[in-house]
Every structure is written in structure tokens, then in C-alpha cells.
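In our numbering, the protein residues as written are 4 to 769.
Heads up, the thing below is written out as C-alpha cells.
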């Protein structure tokens, strides 16, 4: 019986996958991004939250027509469910991000599919075939090292996780292009295989598929057949290695317009040609050999941390940007007092709303350090900075950046907000005390008998740790030495190294257009000094506008969005409800170091055993499917009603104790409409406050004539954002317990509560 074709099976214009809309062309046909022997890829749109869409790609694992009949099956993957679990965990800047996966059922057939990020650009195959693009992106021939490095970084990341790609070829390597550079993303992970102990135990069969031209003979002889674990294990990693070397050979021949057998006038190119033709045991061995061919650069400022070609340094693979580690930086970064930050999420509800948001404070810590390292390298190219930044100062800057986020712990932001509203709350849980504990903590019986301070003193003995703490925590009187004030400015300004990290890292992990694209080197080139603080020259204004606009966008769509603020309001109410309990403050200080969010909530539960209201809030948050308070009322300062606008101002100035009293009074006022449970906190009031939003007010601009002006005076964009921010983003939200959703629908109660809340607010604060 003749089987249906792939096109007939998929009926491309009638596919429906929940939460995804297929993108149409001018003929109202689904846009096909590519198709090969093992599958077909379409362009789709995914909606994360209302009005926030992301372009994605969806691949269906269906053989092409000749293979369907030859193999007597439609489906091109045998172990889909196992592999989708594995590849969805991958998180690297050079690996295609898998967002979703499942089955599309058609004619009784479960067709596997995966959803991934959409890469706008070209495949490496297309780039190599386009002479104009080759000349544009490889006019500096040494940039081929960057291409090879990105490819190897991604594949080594996979191999370190015992995952083998099984179809490396230029057509499966995507290149995201911009005006001056490119970014490599390795795709088509769906045919890859995980070869770990668990796979071996399951006695899984594997189907050998892929591009025959990039297979070694031992693999091509088995193409389109099924093999067992031991057979496939014997083929890897040499299969991927063989394909990578053939890919590199094709790159060399196309970019340099030569035969791989040729000799050139470039000694490094001759060495590179020789290297890619030799045999290796691993991709790492190949990478090491290729790195040896790079030109040797001088050591910068006598510091190995600033010298990428130094023999004692290597890259730690990270999403977005790798981090250059030296031996002594590795010893500090790998200390348990800092590694604990791997248990601290960077974003509050990121992983609940955005599945890809699994990054941690540790990742941000390393990114901040790497940004400082890159900024210092850029500043040392300028005469005025060379005079200020000696070796001692540079080491001070590096250690300060490495410890800048060290005092973070789960839910520390909620305590920070409470303290901003009332400095008398949790006075001992401050950055200085926490940093002191982190630096001095050690457990001789639990694997680290040397404190973080011991380790820093051992490898950076000249660094004044008390000065580091002042730089991180702030000094009311400022800093006497101008170079120290500059370091402080690099860690505490609207364009500081911390801001420049999370502005790129958070959008990347949230799946927003592969992150915020910032020309980092150009921004550094525009940095200047005014009154011993970082300033910007006139040509750099547009770069800073980009940073401030991105920060505004993140506040609007992520940091201050409704779910995040509901979660924050619940946490603040929990902590405020427990602060009078005996030893609560001391317990936080004792346990913050190595507690996960779940463990800290468990600690809160222990204090709330006799407080039913707080215990209910904890249970809502800590359940397997967290239940958030629902928005009941919403206004901000832009309201046409001047009374309501003024109410927002007055509520934002209240201490939390005053806000809590207002909350209880409002709950009482609404009890005539909604039958509240007296053993629950039923209403929450929230208005976000951030005293240090870093929106450019602190940045001075050095104009062409060397005169100085404020950024807000020269940039309409930055000025507008500052004027607009509080009035349009600082929403006053009143939330209601999720148990009352049904009551609100009855008897027109929703409208009644709206009117009652407005009347209450005007009577109390109008």
C-alpha cells in the first residue's frame, strides 16, 4: 500500500498547535524554513504574554518521501521523548534554544515536533556560497578563528553533557548577522543522541540519520539503519569530529579561495590547514590546537586577567559571553560561598512565566566580572585612564566586581523593598553584615576550611578588602582617591557593569529576540571622566539611550509586570508578618547562605505555625503550581482624575506598617460585598518603588567643545523616560486572594468592588 507523502501527511496549511500561529506567505501558505531527509521546519509565532510575541521555528520529524517508503515508517526519531527532555535543558549562546516539544496527531500517527528559537540570518552554507557576504564578514581573515571558536564552544558544551549532534554540516549551523559581526548558533539538535549511563540501561535502539557527505565511512555504511547503544557509542565522538573538520575545511577553502592542499603566504593559515586535517580524540583537543595558532598579544597591565592570550587563562563557557578565568579567579569564583548563588534565581517568577528563564545570580555574578574585565581593557587604551588605573587599582576593580552581587539570597529583593519603605525593618539583614558573613564563613568539616576572605588574601594579597566592602556597600562620605571613585562608578551608575550584564542576560533567557543587542566595545570607547565619575562623550549618547530604553522596557514588561508584583506583594506580606517572631531576623542571617527558595519558604513556615494567615500565603506560593493573588484594582499617576493620581503619590510614600493598616481597613470595607475568610489575608496593596532606577540622571556628557552637560538635558529620549517612568509604570495594584474568583463574578460584585475601592481611597487619601 502506497504511503502518503510528507506534504499530504502534514497538510501544511491546516496544522494547528496550541499557543502557536503559523506564519503565512503572500500565497497564504505556511512559510517553510527548510526541509531535509529527517524533517521539515516551519516559521511560527508564539505569544508569551498579551502583546508580547516571539518568532519561533517548529520542526516535524517526518522522513522525506523516498525514506518513508524505504524504511516503512514516517517518523524519523526513535527516542523522541527522552531526547526532548535532554535538549530542552541546554542553555548556551551557540546552541539553538529549544522552547517546547510534543506530538501532532494526524491519521492515527503521533508526529513528534520541537519548537525552537528562530534565527534570523543565514546558514553557514548560504554564507559560504555568497561572495559578497564572505567578503563583508571575513575581510579580516583572522576572524575565521572567531567562527571556529563559536562552533567548537557550542559542540564542546554538548559533548560535556554526553550529547552528540550526529549531523554537523554547514547547512545546520546558523549565522545571525549584523552590520559588523556575526553570531553562530548550532541547530538541528533533534537528530542528536544522548549516550549516558541511563541510555545504556534502557537498551535503546538508534536510527542512523544525517548528511552522508559529512559522515565518516564507518557511519555512512550504517546510514538509515538501526543500531544499539554500544555501536553508536563506538562511532562518537569521532563522527562529530569528522564532520567538524570537514566543515572547517570547507570554510577555509571558500573564505580563502584555495584548495586545502595549497600552501599560502600566511604561516598561521598553513598551520591551521594542517591542524584541521589531523586526527584528535576530542573536540577539546582540536580547539586547543586551533587556539595555539592565534597571534600572541602582549600581557595587559601585567595582569593575566586582562590578557586573553596569556597561557594561564581559559574560557568558562557561559550563555551570551564566555568568562575569562585565570587560576586565581577560578579559585575565588568556585568557592562555596559564591557557588551557593547557583541556587538563587536571577528573576522572581521568570521560570514560571518564561520556561527558558532558568538563570541564576551566579551567572550574573560571572557576567558582571567579565564586563568589568572587558571595560578595564577598553579604558586602558585611553591616556587619562592609563594614568589612574595601576595594577593595584585594577585588581581592586576585578575583586569588587566579582563580589558585587555576593550578598544576594532567595527573596532578598523583598526584604530590600521592605527596608526601602521603613529602615527600621530587619536592620541587621543589610548588605554589609551579609557580606561580612560571606567573606568569613567556613566549615572545616564540610569541604571548605578556608573562608572566601582567606582565598582572596592568598591570591590577591594587595587588595584592601575593607575598601572592597565600601565600594560594594557605598560610602556616605565618598572616596578620597579618584581611581577608587571611578571603580565605584563602574559598579554604581546607569551604565555600570552590572546593568550591562542583566540588560543582555535577562532578555536572552526570557526568549526576547535572543537578548538585548548592545555594541559593548563601542560603548566603552565612548566612556570618559567627569568629577572622578564615569561620563560619556557626545558620540556615545545614542548607545546610552539604548541602555536606558532597554531598562525601561524590562521594568514595564518584566520586573514590574502584574504576576511579578503579585508574587512580590505576597512575599513582603509574609516577611512583614513574621518579623516580630523571636529570632526571625537572626535565622535569616544564619540560613541565607545555603538556602534555596524552597528551603527558605520552609523556614518561614516554621515561624508561621500559629499564624494561619501567613501560613496560607506561604502555602499558595510553595505549592507545586503556585497560586498568585489576582488583580482587583489598578491605577497610576497618569490618571486623568487628579485625586486618584495624588493617591498613588501618597501611597508610595507610606511605610509598610501604614500600608498594612490601610490594607486591613480596605478589607473591612469590602467585606460587605465579598464574604472574606477571617483566617486569611484577603487583600494586598502594592505599588513598586525603586530609589535607584538608574535611568541616566547620573550620567554627564562631555561635549565636543569639552563642556559638560547632563544626559537628561541633551537627550529627549532619556529625559522623556525619566518624566514618564513613575507616572506610567508605577502602578498601584490592589490584589485579592485567588479563592474569591467565583464570588467576584456573582451579583455584579466586580463593579461593586471597583466603586467601593475608589470611594475608600478617596475618603482615606484624597
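The C-beta atom is built at its ideal place from N, Cα and C for all residues, glycine as well.
Reference residue i; option with closest CA among the options
i: residue 1; options: 480, 535, 558; result: With the chain covering 4 to 769 only, the question about residue 1 has no answer from this structure.
i: residue 696; options: 550, 577, 685, 595; result: 550
i: residue 537; options: 510, 493, 578; result: 493
i: residue 660; options: 672, 710, 426; result: 426
i: residue 765; options: 665, 324, 718; result: 665
i: residue 235; options: 295, 165, 29; result: 165
i: residue 1; options: 658, 763, 674, 174; result: Summary: the structure shown does not reach residue 1, with the chain confined to residues 4 through 769, and so no result is reported for it.
i: residue 769; options: 263, 719, 335, 648; result: 648
i: residue 177; options: 97, 244, 104, 698; result: 97
i: residue 334; options: 565, 751, 451; result: 451
i: residue 738; options: 751, 688, 756; result: 688
i: residue 203; options: 400, 231, 48; result: 231
i: residue 553; options: 698, 90, 360; result: 698
i: residue 624; options: 594, 410, 602; result: 602
i: residue 635; options: 735, 383, 721, 615; result: 735
i: residue 534; options: 571, 525, 544, 487; result: 487
i: residue 154; options: 127, 720, 367, 599; result: 127
i: residue 47; options: 66, 328, 19, 677; result: 19
i: residue 192; options: 638, 710, 42, 49; result: 42
Supposed contact pair residue j and residue i - C-beta distance, whole angstroms, cut 8 Å
i: residue 286; j: residue 240; result: 7 Å
i: residue 563; j: residue 691; result: 5 Å
i: residue 2; j: residue 431; result: Any property of residue 2 remains undetermined from this structure, which presents the chain solely from 4 to 769.
i: residue 579; j: residue 421; result: 6 Å
i: residue 725; j: residue 715; result: 6 Å
i: residue 338; j: residue 250; result: 39 Å between Cβ atoms; not a contact.
i: residue 498; j: residue 474; result: The Cβ separation is near 17 Å, so there is no contact.
i: residue 119; j: residue 102; result: 6 Å
i: residue 99; j: residue 189; result: 6 Å
i: residue 369; j: residue 336; result: 7 Å
i: residue 61; j: residue 106; result: Wrong, their Cβ atoms sit about 12 Å apart, outside the cutoff.
i: residue 438; j: residue 456; result: The Cβ separation is near 10 Å, so there is no contact.
i: residue 378; j: residue 500; result: 6 Å
Residues sharing a beta bridge with residue i, DSSP
i: residue 615; result: Per DSSP, none; premise fails for residue 615.
i: residue 44; result: 37, 62
i: residue 703; result: 713
i: residue 179; result: 186
i: residue 197; result: 166
i: residue 49; result: 23, 57
i: residue 348; result: 363
i: residue 536; result: 533
i: residue 739; result: 633, 686
i: residue 638; result: 735
i: residue 523; result: None, per the DSSP bridge assignment.
i: residue 294; result: For residue 294, which the question treats as bridged, DSSP gives no partner whatsoever.
i: residue 679; result: Answer is none; residue 679 lacks a bridge partner.
i: residue 446; result: 451
i: residue 368; result: Partner(s): none; residue 368 has no beta bridge.
Where residue i falls, given that 16 or more other Cβ within 10 Å makes a residue buried
i: residue 228; result: exposed
i: residue 712; result: exposed
i: residue 733; result: buried
i: residue 314; result: Note that residue 314 scores 45 on pLDDT, short of 50, meaning its location in the model is unreliable; the coordinates nonetheless yield the value given after this. Flag for residue 314 reads exposed.
i: residue 246; result: buried
i: residue 753; result: exposed
i: residue 33; result: buried
i: residue 35; result: exposed
i: residue 27; result: exposed
i: residue 330; result: exposed
i: residue 674; result: exposed
i: residue 609; result: exposed
i: residue 79; result: Because residue 79 sits at a pLDDT of 49, beneath the cut-off of 50, its placement in the model cannot be relied upon, and the following sentence gives the value as read from the coordinates. Residue 79 comes out buried.
i: residue 694; result: exposed
i: residue 325; result: buried
i: residue 605; result: exposed
i: residue 464; result: exposed
i: residue 65; result: buried
i: residue 685; result: buried
i: residue 366; result: buried
- Note down, one range per segment and in chain order, each alpha helix (DSSP H) of at least 4 residues found wholly within the stretch 382-425. 386-391, 394-406, 415-424
- Could you give the uninterrupted runs of the alpha helix (DSSP H) lying entirely in the stretch 88-143, keeping only those of 4 residues or more? 127-132, 134-140
- Item | Segments of 4+ residues assigned as alpha helix (DSSP H) that fall wholly inside the stretch 215-285 | 220-223, 232-238, 241-259, 270-278
- Segments assigned alpha helix (DSSP H), at least 4 residues, entirely inside the stretch 565-633: 565-581, 587-594, 600-610, 615-625
- Minimum length 4: unbroken alpha helix (DSSP H) runs contained in the stretch 475-502: 485-494
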